[in-house]
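In what follows, a single structure is set out as structure tokens and then discussed.
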Amino acid sequence: MKIATWNINGVKARIENLCQWLKDSDPDIACLQEIKSVDEGFPRGEIEALGYHVETHGQKGFNGVALLSKIKPDEVNRGLPGDDTDEQARFIEGVFSVDGGVLRVCSLYLPNGNPSDDPVKYPYKLAWMARLEAFARDRMALEEPLILAGDYNVIAEPHDAKDASQWVTDALFLPQTRAAFRRLENLGFVDAVRATTDETPLFSFWDYQAGAWQKNNGIRIDHLMLSPEASDRLRSTAIEKHVRAWEKPSDHVPVVGHFAF
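Structure below.
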């Protein structure tokens with residue numbers, strides 16, 4: 001199976017790119033972030049015509065996540081547990097029947113957290129990461145293949161940025177952010193890309209400003225984090241950076257993993 005994550009940065013604005021990518025890349029499961037659409041406004045018809053089942057957790061104009069899959073999920077859970085007052089649509093989990101049993105795939109859009117001195121935004125990011133850690137710990141106890149796929153808004157290591165010195169005060173690279181990401185890894189999760197290559201630099205995001213794409217001034221913040229049962233099935237990964245050069249691109253590109261499911 002080919003499983004991908006992509007922050008689409010507005011599904012309606014990028015629907016042509018999305019459909020072209022689905023045809024070209026042909027993922028079995030695609031996790032989208034920042035769909036920026038309510039559920040009923042999501043352009044599901046065009047995607048279903050390509051043979052995909054669509055599940056969304058959206059909100060108007062902001063955030064929003066989706067699961068596109070060639071096989072229909074047996075179960076779908078919307079929203080990250082741990083805070084019933086959180087109205088931001090940032091998390092969806094699908095449970096799929098695959099050869100050998102169950103596969104859990106989550107599409108997540110972790111809060112940006114900037115400006116880092118904001119009294120609300122950065123604490124919300126850290127609290128969300130703590131909730132994700134608690135969720136992941138509970139799911140790990142099931143001893144099932146689990147893939148936490150998405151835009152983490154975390155620069156985990158200095159080599160995941162063209163120039164880490166530019167990010168020292170940014171919420172994506174603060175020590176507290178990176179420590180929270182390490183706590184997730186320490187539960188037993190494996191960064192799929194880093195499990196398959198030591199190549200640097202590797203990026204998944206290039207800002208629209210200041211010619212970042214042309215200068216390859218990027219960061220790697222989109223990740224497939226795998227439970228041990230999922231990492232055992234990992235065969236290869238790729239960052240499909242050519243998509244960034246398309247007309248009207250997202251500022252992120254798809255990150256994909258090939259698995260023996």
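Residues 1 to 261 (the UniProt record's numbering) are what the sequence shown spells out, left to right.
Idealized CB from N, CA, C, for every residue including glycine.
Kindly list the residues whose CB is nearer than 7 Å to the CB of residue i, restricted to its own chain and excluding five residues on each side of it in sequence; keep chain order.
{"i": "Ser231", "result": "Val190, Ala195"}
{"i": "Arg233", "result": "Pro145, Phe259, Ala260, Phe261"}
{"i": "Arg244", "result": "Trp206, Trp213, Val253"}
{"i": "Leu174", "result": "Ser116"}
{"i": "Gly257", "result": "Ile3, Ala192, Leu224, Leu234, Thr237"}
What first and last residue would you give for the alpha helix (DSSP H) that runs through residue i?
{"i": "Glu93", "result": "Run containing Glu93: none in the alpha helix (DSSP H); it sits in the beta strand (DSSP E), 91-98."}
{"i": "Gln214", "result": "212-215"}
{"i": "Lys23", "result": "15-25"}
Quick check: the Cα distance between residue i and residue j, rounded to an integer number of angstroms?
{"i": "Ala179", "j": "Thr169", "result": "15 Å"}
{"i": "Arg235", "j": "Asp99", "result": "16 Å"}
{"i": "His57", "j": "Pro27", "result": "20 Å"}
{"i": "Pro119", "j": "Asn63", "result": "20 Å"}
{"i": "Glu247", "j": "Leu32", "result": "19 Å"}
{"i": "Asp251", "j": "Met140", "result": "32 Å"}
{"i": "Gln88", "j": "Lys36", "result": "11 Å"}
{"i": "Phe91", "j": "Trp128", "result": "11 Å"}
{"i": "Thr5", "j": "Tyr122", "result": "24 Å"}
{"i": "His223", "j": "Phe203", "result": "11 Å"}
{"i": "Glu46", "j": "Asn77", "result": "24 Å"}
{"i": "Pro249", "j": "Met1", "result": "26 Å"}
Can you give me the Cβ contacts of residue i inside the same chain, cut-off strictly under 6 Å, excluding the 5 residues immediately before and after it?
{"i": "Thr200", "result": "His159"}
{"i": "Leu22", "result": "Leu50"}
{"i": "Val105", "result": "Ile29, Gly94, Ile147"}
{"i": "Lys60", "result": "Val38"}
{"i": "Arg183", "result": "Glu133"}
{"i": "Arg131", "result": "Leu80, Gly82"}
{"i": "Gly101", "result": "none"}
{"i": "Glu75", "result": "Val95"}
With 16 other CB atoms within 10 Å as the buried threshold, where does residue i fall?
{"i": "Glu55", "result": "buried"}
{"i": "Gly211", "result": "exposed"}
{"i": "Ser165", "result": "exposed"}
{"i": "Glu34", "result": "buried"}
{"i": "Ser97", "result": "exposed"}
{"i": "Thr237", "result": "buried"}
{"i": "Ala161", "result": "buried"}
{"i": "Arg137", "result": "exposed"}
{"i": "Gly150", "result": "buried"}
{"i": "Leu142", "result": "exposed"}
Going by DSSP, what residue range makes up the beta strand (DSSP E) through residue i?
{"i": "Trp30", "result": "Here residue 30 turns out to be Ala, not Trp, going by the sequence shown. Where Ala30 is concerned, the enclosing beta strand (DSSP E) stretches over 29-33."}
{"i": "Ser236", "result": "234-239"}
{"i": "Lys2", "result": "2-7"}
{"i": "Asp222", "result": "222-226"}
{"i": "Phe261", "result": "Neither: Phe261 is in no beta strand (DSSP E) and is coded neither H nor E."}
If you drop the 5 nearest sequence neighbours on each side, which residues of the same chain put their C-beta closer than 8 Å to that of residue i?
{"i": "Lys125", "result": "Leu110, Pro111, Asn112, Gly113, Asn153, Ala171, Thr177"}
{"i": "Tyr52", "result": "Leu22, Ala30, Leu68, Ser69, Lys70"}
(request) Any chance you could list the beta strand (DSSP E) runs of at least 3 consecutive residues sitting entirely within the stretch 47-123, in chain order? (result) 53-57, 65-69, 75-78, 91-98, 101-109
(request) Only counting runs of 4 or more residues, tell me where the alpha helix (DSSP H) segments fall wholly within the stretch 125-191, in order along the chain. (result) 175-186
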